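Written out below as structure tokens is the structure these notes cover.
2 protein chains.
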Amino acid sequence: MSLYTEFQGGSEVALSKIISHIENRREGYQEVLSRLYRTGGRMYRIGITGPPGAGKSSLVNRLAGLAAEAGHRVAVICVDPSSPFTGGALLGDRLRMQDIPLDKGVFIRSMGSRGSTGGLAAATSNVTVALDAFGFDTLFIETVGVGQMELDIIDACDTVVVALVPESGDAIQALKAGLMEIADIFAVNKADRAGSDQMVYDLQSAMEMKAVHSEWIVPIVATQATANVNLDELYRHLTAHKAYLEKTGLLAQKRAEQLKKKVERVLVKSIQRDIDRTLLNGAVLDDIVGRIMRGEDDPYSAGQALFRQYKFGS
Amino acid sequence: MSLYTEFQGGSEVALSKIISHIENRREGYQEVLSRLYRTGGRMYRIGITGPPGAGKSSLVNRLAGLAAEAGHRVAVICVDPSSPFTGGALLGDRLRMQDIPLDKGVFIRSMGSRGSTGGLAAATSNVTVALDAFGFDTLFIETVGVGQMELDIIDACDTVVVALVPESGDAIQALKAGLMEIADIFAVNKADRAGSDQMVYDLQSAMEMKAVHSEWIVPIVATQATANVNLDELYRHLTAHKAYLEKTGLLAQKRAEQLKKKVERVLVKSIQRDIDRTLLNGAVLDDIVGRIMRGEDDPYSAGQALFRQYKFGS
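Chains as they are written, first to last, in the working numbering: chain C, 4 to 317; chain P, 4 to 317.
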């Protein structure tokens with residue numbers, strides 16, 4: 004039986020193998036993605052982001068459990084912060100996630116940095132295609148931090164939950180980091196801590212000051228994920244946001260925008276691979292760098308000369 | 004008098020105008036960069052990174068002052084966290100930096116997110132070319148956070164200072180975020196806080212566990228930037244690291260690697276601009292997205308078809 008037949012038959016082992024194939028961009032992975040893509044299209048994607056220590060893993064844990072109880076087939080991707088030098092994901096988040104009861108059938112996958120800008124966002128987006136084709140209808144993507152890479156990942160989600168903790172100045176940090184713009188729902192987690200009410204208030208004030216371009220009023224929910232307080236309410240807001248996007252046609256619009264970016268990324272990636280193979284072998288670059296270091300060239304002229312060579316063959 | 008003549012004459016107004024030209028990628032900016040590149044080459048670049056709240060601005064403030072006192076011509080770039088949606092840098096860090104005494108002649112520039120992955124790292128790298136050509140011999144680049152974008156910026160520096168604060172688990176967070184691999188020097192700032200000794204000890208232990216590939220022993224300096232405690236020592240380690248890189252030939256090696264990446268980036272950027280102009284106009288992408296949404300195509304096949312069209316014209 005082929006791997007793909009096993010995958011279609013619902014084997015999680017086959018799913019994991021196919022994900023690894025895609026994640027490591029092994030030979031032929033784009034053909035695999037093409038094939039998988041056409042059998043998917045039903046999965047709803049929820050992104051959870053926020054600063055380290057906000058309890059994102061616990062929140063995802065609880066929400067994934069609630070979604071599974073509601074009858075959804077649920078997958079979780081944890082995007083781990085990790086070194087671009089070692090390339091590996093660390094175990095912390097993965098281990099924490101394991102207290103999602105296994106009998107709920109939630110599929111969990113950790114992903115680590117691929118070591119190049121945009122690489123992890125693209126790899127994560129590719130892995131979602133496999134999960135979608137496998138039949139999951141609900142995906143949670145947890146990302147740590149608020150850097151550009153995380154924003155690229157979040158950009159590919161349908162609903163975005165921003166998790167914060169009551170700490171002085173955190174509402175302002177959130178504002179600075181652009182979290183106000185991406186949040187569809189705020190979770191003020193660890194709400195038993197001092198300053199929780201104040202933070203909810205600060206966020207409300209900040210959101211009210213924003214020019215409103217949308218009929219969606221961003222809910223701000225005070226939660227305690229580990230003690231399971233107010234998770235039901237948070238989950239209700241998730242389903243309400245999904246219904247809102249569907250009703251208004253915004254979901255289709257969002258998907259179209261995401262697809263444009265995706266097509267462009269595949270194109271650019273194909274060109275980059277072609278360049279690496281045909282134009283940028285070690286000797287050529289060494290030669291160019293030597294010329295630049297001797298003051299005979301500069302990286303801007305050299306890069307543009309390579310472009311002309313690629314485009315016009317001269 | 005032309006802008007470039009004023010620039011050569013030492014006008015900071017002309018410098019600022021040229022930086023804006025480069026930063027906003029206005030028409031002809033690559034030619035400007037080519038020209039500037041060939042008159043530079045002497046500037047030493049120090050990156051300072053670490054989690055929010057580590058006191059990076061204060062550290063840069065003090066170190067820039069010390070470098071200026073030692074007779075260097077010093078510039079500072081603050082890379083602000085900001086929204087990819089609003090595109091603007093926020094004022095907080097900029098304002099904080101202003102307590103560098105103006106009579107020390109330190110030039111300060113803030114840069115905000117350009118809204119695309121890799122865009123800010125490339126823009127920052129381009130701006131350093133202008134600062135170098137202007138005659139600054141020492142540059143501090145402050146970046147907030149430890150995302151991929153920050154790592155790309157740090158990658159273009161000669162010496163990297165990682166700033167941390169004594170907080171439980173922060174040494175482990177630093178390890179997880181890959182900061183161990185990029186740090187040439189650690190500053191445990193706000194060292195008057197509880198847990199400072201413990202953190203220095205934790206970092207030392209973690210560094211000792213690392214396989215040593217280098218003769219450079221990463222110093223761990225307990226500092227209090229706002230109270231000016233131990234900044235002299237931190238500065239001495241900076242100059243020692245510079246001397247080490249020069250003596251061993253590692254600086255030239257590092258610069259060659261950075262140049263390779265730079266040439267490749269210019270090439271890819273040129274291709275991307277060409278694609279946007281010739282291939283990816285709105286109607287073409289709308290058409291493709293429509294086909295994908297009707298299930299007649301998928302983003303991977305569509306992207307590769309566009310690649311073949313670009314490369315072979317069919």
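A virtual CB, placed ideally from N, CA and C, is assigned to each residue, including glycine.
Bear in mind the structure is a predicted one, so any value in this text is a computation, not a measurement.
Annotation: the region 284–314 of chain P contains the following complete segments of the alpha helix (DSSP H) (minimum length 4 residues), in chain order: 285–296. The C-beta distance from Gly-50 of chain P to Val-163 of chain P rounds to 5 Å, short enough to fall under 8 Å. Beta-bridge annotation (DSSP): Glu-145 of chain C is paired with C:Ile-51, C:Cys-81. Around the CB of Phe-110 of chain C, 16 or more other CB atoms lie within 10 Å, so the residue is classed as buried. In this model, Tyr-247 of chain P and Ser-37 of chain C are separated by some 51 Å (Cα to Cα). Per DSSP, the unbroken beta strand (DSSP E) holding Ser-113 of chain C starts and ends at 110–114. Residue pairing from DSSP places Thr-162 of chain C in a beta bridge opposite C:Ile-49. According to the DSSP assignment, Ala-225 of chain C belongs to the beta strand (DSSP E) that extends over 223–225. Between Pro-169 of chain C and chain P, the shortest Cβ-Cβ separation is not below 8 Å.
With 16 or more other Cβ atoms from the protein chains shown falling within 10 Å of its own Cβ, Arg-48 of chain P counts as buried.
Against chain C, the CB of Met-296 of chain P has a partner CB under 8 Å away; the residue lies at that interface. Listed along the chain, the chain C residues whose CB falls inside 8 Å of the CB of Lys-314 of chain P are Ile-274, Asp-277. Chain-order list of chain P residues neighbouring Ser-304 of chain C: Ser-37, by C-beta distance under 8 Å. Inclusion of Ile-157 of chain P and Thr-127 of chain P in the CB contact set at 8 Å is not warranted, their separation being larger than that value.
For Phe-310 of chain C, the closest Cβ of chain P is nearer than 8 Å. Excluding sequence positions up to five before and after Glu-145 of chain C, its CB lies within less than 6 Å of the CB of Ile-51, Lys-59, Val-63, Cys-81, all in the same chain and listed in chain order.
In this model, Val-168 of chain P and Gly-298 of chain P are separated by some 53 Å (Cα to Cα). For Phe-137 of chain C, there is no enclosing beta strand (DSSP E); the residue is found in the alpha helix (DSSP H) stretching over 122–137. Residue-level contact by beta carbon fails for Leu-241 of chain C and chain P, as no gap is shorter than 8 Å.
Spatial neighbours of Ala-17 of chain C in its own chain (CB-CB distance under 7 Å, excluding positions within 5 residues in sequence) are listed in chain order as Leu-6, Glu-9, Phe-10. With its beta carbon less than 8 Å from one in chain P, Arg-41 of chain C belongs to the interface. Neighbours of Ile-291 of chain C across chain P, judged by C-beta separation under 7 Å: Val-266. Chain-ordered, the chain C residues with CB closer than 7 Å to the CB of Leu-288 of chain P read Lys-263, Val-266.
Taking 8 Å as the threshold, the shortest C-beta distance from Asp-161 of chain C to chain P does not fall below it. Residues of chain P whose Cβ lies closer than 7 Å to the Cβ of Asp-301 of chain C are, in chain order, Ser-37, Tyr-40, Arg-41. In this structure, Tyr-40 of chain C lies near Asp-301 of chain P, with their beta-carbon atoms less than 8 Å apart. Note that the region 188–206 of chain P touches the region 216–223 of chain P; at least 3 beta-carbon pairs, one per stretch, sit closer than 8 Å.
Two segments are said to touch when three or more pairs of C-beta atoms, one from each, lie closer than 8 Å; by this definition the region 187–201 of chain C touches the region 232–239 of chain C.
By the neighbour-count criterion, in which 16 or more other beta carbons inside 10 Å mark a residue as buried, Lys-250 of chain C falls on the exposed side.
Nearest to Gly-122 of chain P by C-alpha distance, out of P:Ala-225, P:Ala-133, P:Arg-239, P:Val-269, is P:Val-269.
Residue contact check for Gln-33 of chain C against chain P: a CB pair falls below 8 Å. Straight-line spacing of the CA atoms in Gly-252 of chain P and Lys-245 of chain P works out to 11 Å. Secondary structure of Val-168 of chain P (DSSP, three-state): coil.
For Ile-188 of chain C, the enclosing beta strand (DSSP E) stretches over residues 188–191. Counting along the chain, the unbroken alpha helix (DSSP H) around Arg-65 of chain P starts and ends at 59–72.
Between the alpha carbons of Ala-305 of chain C and Ala-73 of chain C lies a distance of about 58 Å.
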